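So the sequences go chain by chain: A and B.
Counted from 1, the first sequence has number 401 at position 264 by our numbering; the numbering is strictly sequential.
Counted from 1, the second sequence has number 1406 at position 104 by our numbering; the numbering is strictly sequential.
These notes concern the structure reproduced below.
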Amino acid sequence: MSAVSRSCFLLLVMFLVLTGVPRANAADPAPTGQKAEVIEEEVLEIFTRFTDYLAKLKEFRVTAEFGFDVLQESGQMIEFGSHQNVTIQRPNHFRVDFARRDGVNGSVVYDGKEVVLFNPDEAVYAKAPFKGEIDDALDFLSEELHRPIPLRDFFESNPGDVLTDKIESGIYVEESTLAGVLCDHLAMRNDRVDFQIWIAQGDEPLPRRIIITYKNEEGQPQFWGQFMKWETSPKINDGTFTYTPSEKSERIPFAVVDVEMPSKGDQP
Amino acid sequence: MMNRKWQLVIAGCACLVALLFIVAEVEARRGGGGGGRGGGGRGGGKSFSRSGPASGGSVRSHQAPSGQRGGNRSSLSNNRASMQNNRSDRQGDMQNNRSDRRGDMQDNRSDRLDDVQDARKERREDWQDYADDVRDDRRDWYDDRHRYRVGVSLTYVTFRSLSCTTTTVHVNGVTYYRCDNDWYSRAYSGGNVTYVVVKAPAGY
């Protein structure tokens, strides 16, 4: 009698351990014990030094490699990525040249008057008039043309404002050497993302790597970016921010689904 | 004796049930809630989704409504959002003014009314100027002949895999591709060159 009771009890314990307890842990994404809700002074100092330095540059060029996770319908996570070369001339010029891993190449240029997307391989381009500063044009690309520029937070006029928006914690991880460059490895969090950044020590406090984890999204996908080269005095010429179509180039439209067309006299 | 047998039977059943639960649980966790096979099981196996929350590469939310950020943005969508905010702010202001006025009715009634009317007039003028500017910008953009609505768009890969021999014609500087009874032309969609279904070009 007692032997049977004991074995039943043991089975019950085994069942609870193997099913109930691990599930409870899985449902709790942020163990409270690990949550740091402090922004360390050192982190703030290093980060502000970097964002101030970047914000003061009148022009720069940065070459980066990046990759991002996309959760497929099947539940499988697949990474895609691109090589990107960005030239910024404040306040209202930029150029983005990209080469995706799947072989698609293209560019986006903005000269303060119009945004042009072009694809030399297919000899096509599309353009839209737009007046504003770089931040506005980046918004326009993302919201109206549905073509967000990856790593855009670093190209804005005040990267510090964007990157530290609603930041809840910031910790100094360690000194870390990336491609021979000694960096400070920082880890920050807000309510949407966990954000890691490696900022070079020395006179040019610019980032060398970032990882963004979208922790509230299904599968917690990540975006990583490796900044391979920063040029703070890039060569810029008349053609950098403009596009001159060749004879065989064809202008094509922006295909926009679900556009609200304001009729005359409408209040916007 | 009989009692003991029953106890053994019950213990055996409990054991079986527990094992079944455990096996089911392990399977469920291994499956991760989705199919184990990649590519969504579509023909060709290359129909991957290429964008998601992480593809934007920004710390801000990809679904953040426009105008949420600080600063004085002037993008079209943001203008619209901030105008809506202004409008509700103004409504709030006006309501506040109204209730303030009621409490203060005996003092300087006419002065206050004048102030409110002036403020309202000023606001109306500001609003009108602002709305005019934004409307002009929007109309310029929407009037652009190179922007239009589309219903169906195909990627380059999908288009090339259509089971037809495409005929290409050039009409008014636009390349049209015919596949059976459908006509396509190229357009940028989400930053990618895509093939969209269009009406037959003039003369075809």
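Note that the Cβ used here is the ideal one computed from N, Cα and C, for glycine as well.
No experiment lies behind these values; they were computed from the predicted model shown.
Exposure of residue i, with buried meaning 16 or more beta-carbon neighbours within 10 Å
i: Q221 (chain A); result: buried
i: V180 (chain A); result: buried
i: L319 (chain A); result: exposed
i: M226 (chain A); result: A quick correction: the sequence has Gln, not Met, at residue 226 (chain A). With 16 or more other Cβ atoms within 10 Å, it is buried.
i: G317 (chain A); result: exposed
i: D258 (chain A); result: exposed
i: D1482 (chain B); result: exposed
i: D375 (chain A); result: exposed
i: Y351 (chain A); result: buried
i: E270 (chain A); result: buried
i: Q359 (chain A); result: buried
i: P228 (chain A); result: exposed
i: A167 (chain A); result: At A167 (chain A), the pLDDT of 46 sits below 50, so the modelled position is not reliable; the number obtained from the coordinates is stated separately. Looking at its Cβ environment, which holds fewer than 16 other Cβ atoms inside 10 Å, A167 (chain A) is exposed.
i: V233 (chain A); result: buried
i: Y1506 (chain B); result: exposed
Neighbour flag for residue i against chain B, beta carbons, 9 Å
i: S306 (chain A); result: no
i: Y247 (chain A); result: no
i: S279 (chain A); result: yes
i: I271 (chain A); result: no
i: Q359 (chain A); result: yes
i: H283 (chain A); result: yes
i: G243 (chain A); result: yes
i: Y309 (chain A); result: no
i: P382 (chain A); result: no
i: N222 (chain A); result: no
i: R289 (chain A); result: yes
i: F203 (chain A); result: yes
i: Y190 (chain A); result: no
i: N229 (chain A); result: no
i: F332 (chain A); result: yes
i: V261 (chain A); result: yes
i: L254 (chain A); result: yes
i: A236 (chain A); result: no
i: D302 (chain A); result: yes
Among the options, the one whose alpha carbon lies nearest that of residue i
i: R237 (chain A); options: A:F205, A:P390, A:D340 and A:Y262; result: A:F205
i: S294 (chain A); options: A:V175, A:I183, A:E312 and A:D189; result: A:D189
i: L208 (chain A); options: A:E177, A:E311, A:G356 and A:G376; result: A:G356
i: R1488 (chain B); options: A:P285, A:T379 and A:S386; result: A:S386
i: Q363 (chain A); options: A:A260, A:S219, A:V223 and A:I347; result: A:I347
i: E196 (chain A); options: A:A392, A:E177, A:S383 and A:F378; result: A:F378
i: D328 (chain A); options: A:R345, A:N353 and A:D321; result: A:N353
i: P296 (chain A); options: A:K193, A:A337 and A:D248; result: A:K193
Residue i to residue j span [Cα, whole Å]
i: T1467 (chain B); j: V245 (chain A); result: 33 Å
i: G1373 (chain B); j: W335 (chain A); result: In this prediction, G1373 (chain B) scores a pLDDT of 35, lower than 50, which makes its location untrustworthy; the coordinate-derived value is nonetheless stated afterwards. Straight-line Cα distance between these residues: approximately 27 Å.
i: S211 (chain A); j: G1354 (chain B); result: 14 Å
i: T185 (chain A); j: V1473 (chain B); result: 56 Å
i: D290 (chain A); j: Y1479 (chain B); result: 39 Å
i: V1499 (chain B); j: L343 (chain A); result: 46 Å
i: S1360 (chain B); j: E280 (chain A); result: 14 Å
i: D276 (chain A); j: F267 (chain A); result: 11 Å
i: F391 (chain A); j: S383 (chain A); result: 19 Å
i: K264 (chain A); j: S313 (chain A); result: 43 Å
i: I286 (chain A); j: K1501 (chain B); result: 32 Å
i: D321 (chain A); j: R388 (chain A); result: 46 Å
i: L282 (chain A); j: Q213 (chain A); result: 28 Å
i: D298 (chain A); j: W1485 (chain B); result: 48 Å
Neighbour flag for residue i against chain A, beta carbons, 9 Å
i: Y1490 (chain B); result: yes
i: G1362 (chain B); result: The identity of residue 1362 (chain B) in the sequence shown is Arg, whereas the question assumes Gly. By this cut-off, R1362 (chain B) is an interface position.
i: P1503 (chain B); result: no
i: V1498 (chain B); result: yes
i: S1468 (chain B); result: Just to set this straight, residue 1468 (chain B) is Thr in the shown sequence, not Ser. Output row for T1468 (chain B): interface = no.
i: N1494 (chain B); result: yes
i: V1476 (chain B); result: yes
i: S1465 (chain B); result: no
i: S1487 (chain B); result: yes
Extent of the continuous alpha helix (DSSP H) to which residue i belongs
i: G297 (chain A); result: P296 to L300
i: Y190 (chain A); result: E178 to K193
i: I271 (chain A); result: I271 to E280
Contact list for residue i against chain E, beta-carbon separation under 7 Å
i: R1352 (chain B); result: In the displayed structure, chain E is absent; the protein chains listed are A and B.
Limits of the beta strand (DSSP E) - the one that residue i falls within
i: T1468 (chain B); result: From DSSP, T1468 (chain B) is part of no beta strand (DSSP E); its letter is neither H nor E.
i: E368 (chain A); result: Q359 to E368
i: V1476 (chain B); result: V1476 to C1481
i: E312 (chain A); result: S306 to L315
i: N242 (chain A); result: N242 to Y247
i: Y1497 (chain B); result: N1494 to V1500
i: F292 (chain A); result: Segment: none, F292 (chain A) is in no beta strand (DSSP E) and carries neither H nor E.
i: T224 (chain A); result: M214 to Q226
i: K352 (chain A); result: From DSSP, K352 (chain A) is part of no beta strand (DSSP E); its letter is neither H nor E.
i: S1491 (chain B); result: D1484 to S1491
beta-carbon residue i near the ligand SAM non-hydrogen atom, thresh 8 Å
i: N374 (chain A); result: As presented, the structure is devoid of all ligands, the ligand SAM included, so that no description of it is given.
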